[in-house]
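Chains as they are written, first to last, in the working numbering: chain A, 1 to 190; chain B, 191 to 380.
Here a beta-carbon is modelled for each residue, glycine too, at the ideal position from N, C-alpha and C.
Single-structure report; data block below.
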């Protein structure tokens with residue numbers, strides 16, 4: 001994958017202030033790049049939302065941000081178009097082997113996914129249990145079913161195994177999640 | 191419109207290093223907020239893409255970006271879902287009264303709009319001629335027709351008047367561009 005000049009990849013996509021989420025994110029960026037090049041879908045990760053406080057202009061053409069802060073995201077990280085439909089998802093990794101802590105999906109992002117589905121869009125989450133090497137796609141509808149019927153602060157892995165769909169890791173595309181979307185939302189279409 | 195605490199609006203959405211584009215952007219943000227609250231559509235402006243070079247951690251909970259640069263955007267600024275379809279557009283203002291300089295839409299953004307349309311999405315641009323107080327929606331297809339058949343570096347306002355659709359300014363929603371999308375892409379649907 002080629003990155004534009006000057007991008008320091010480790011920082012570029014790092015919203016979680018550490019290495020958390022980086023491997024899954026890299027797999028998804030590769031996958032989305034593959035989808036783009038094969039004209040299958042146009043799905044991008046949104047830039048990290050920040051609040052800019054100070055900008056310096058050392059020259060007429062150059063602007064340097066000298067003070068900014070990370071913002072709590074109001075939407076999910078990934079969205080785009082597939083087979084004319086709107087696709088929207090959030091992706092998270094956890095080292096936990098039994099549970100996915102719901103706090104990983106901000107309340108604003110949950111609300112956003114709900115709005116998406118109400119408007120006819122396809123909304124889901126992708127969760128990787130790093131230490132088990134299992135990556136699941138869970139439909140937004142099934143996420144909300146859990147949230148609406150449980151008071152637990154985390155989703156057991158059994159719920160993902162029962163309601164979610166395992167995404168197998170391949171060479172290219174790395175994480176072919178659109179194959180699952182085909183089965184779930186375009187069944188019967190050619 | 192309510193902004194989250196601490197956001198300095200003038201910087202927040204300002205990718206053009208000045209006041210250019212700010213009024214139209216404000217109108218569109220208000221409109222999109224209205225669409226969201228009335229559950230008509232979920233359309234957001236993407237965060238300004240930046241490259242982060244340095245981050246300080248004055249405390250365990252706080253991260254301050256101390257050096258970052260604006261990046262050339264690889265996608266358009268606005269996207270979302272309307273009637274299950276994927277919507278994508280770029281919005282620009284010009285003080286010019288006769289022409290819209292094509293350089294206002296980066297080549298990457300043009301390519302992005304083309305990809306969107308090829309994947310079945312709805313792609314367009316919104317251009318405001320500030321000094322004439324005329325705001326047009328121009329379909330991506332008509333933008334590309336111009337680019338493919340002309341060597342000019344700007345689009346005459348006549349082209350917008352002939353091929354584009356005038357968006358009237360109202361109270362709420364401020365700029366009801368989805369009304370035009372209804373006519374253009376959902377004709378005959380209820």
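Can you tell me whether residue i is buried or exposed? The criterion is at least 16 other CB atoms within 10 Å of its CB, across all chains shown.
i: residue 332 of chain B; result: buried
i: residue 299 of chain B; result: buried
i: residue 291 of chain B; result: exposed
i: residue 75 of chain A; result: buried
i: residue 18 of chain A; result: The pLDDT assigned to residue 18 of chain A is 47, lower than 50, so where the model puts this residue is not dependable; a value taken from the coordinates is nonetheless given after this. It counts as exposed.
i: residue 113 of chain A; result: buried
i: residue 85 of chain A; result: buried
i: residue 321 of chain B; result: exposed
i: residue 222 of chain B; result: buried
i: residue 361 of chain B; result: exposed
i: residue 228 of chain B; result: exposed
i: residue 128 of chain A; result: buried
i: residue 107 of chain A; result: exposed
i: residue 151 of chain A; result: exposed
i: residue 51 of chain A; result: buried
i: residue 135 of chain A; result: buried
Could you check which residue in the options has the C-alpha nearest to that of residue i?
i: residue 49 of chain A; options: A/136, A/66, A/72; result: A/72
i: residue 248 of chain B; options: A/182, A/149, A/69; result: A/69
i: residue 367 of chain B; options: B/329, B/352, B/338, B/339; result: B/329
i: residue 236 of chain B; options: B/225, B/230, B/281; result: B/281
i: residue 103 of chain A; options: A/38, A/155, A/84; result: A/155
i: residue 283 of chain B; options: B/257, B/223, B/275, B/213; result: B/213
i: residue 182 of chain A; options: A/161, A/82, A/37, A/62; result: A/82
i: residue 234 of chain A; options: B/351, B/310, B/377; result: As shown, chain A starts at 1 and ends at 190. That puts residue 234 of chain A outside it, with no answer to give.
i: residue 153 of chain A; options: A/40, A/60, A/105, A/95; result: A/105
i: residue 277 of chain B; options: B/285, B/230, B/286, B/242; result: B/230
i: residue 95 of chain A; options: A/62, A/133, A/60; result: A/133
Taking a contact to mean a Cβ-Cβ separation below 8 Å, would you say residue i touches residue j in this structure?
i: residue 336 of chain B; j: residue 355 of chain B; result: no
i: residue 42 of chain A; j: residue 305 of chain B; result: yes
i: residue 268 of chain B; j: residue 312 of chain B; result: no
i: residue 315 of chain B; j: residue 279 of chain B; result: yes
i: residue 67 of chain A; j: residue 254 of chain B; result: yes
i: residue 180 of chain A; j: residue 169 of chain A; result: no
So residue i packs on residue j, CB below 8 Å; how close in whole Å?
i: residue 157 of chain A; j: residue 111 of chain A; result: So it is not a contact: roughly 25 Å between Cβ atoms.
i: residue 28 of chain A; j: residue 175 of chain A; result: 6 Å
### Message
Please give the ranges of any beta strand (DSSP E) in the region 128-184 of chain A, keeping only runs that are unbroken, at least 3 residues long and fully inside the region.
### Response
Runs of the beta strand (DSSP E) inside the region 128-184 of chain A: 134-139, 154-156.
### Message
Going residue by residue through the region 228-263 of chain B, where are the continuous beta strand (DSSP E) segments of at least 3 residues, counting only ones entirely within it?
### Response
Here the runs fully enclosed are 231-235, 240-246, 254-260.
#### Entry: Minimum length 4: unbroken alpha helix (DSSP H) runs contained in the region 89-123 of chain A
Correct list: 107-118.
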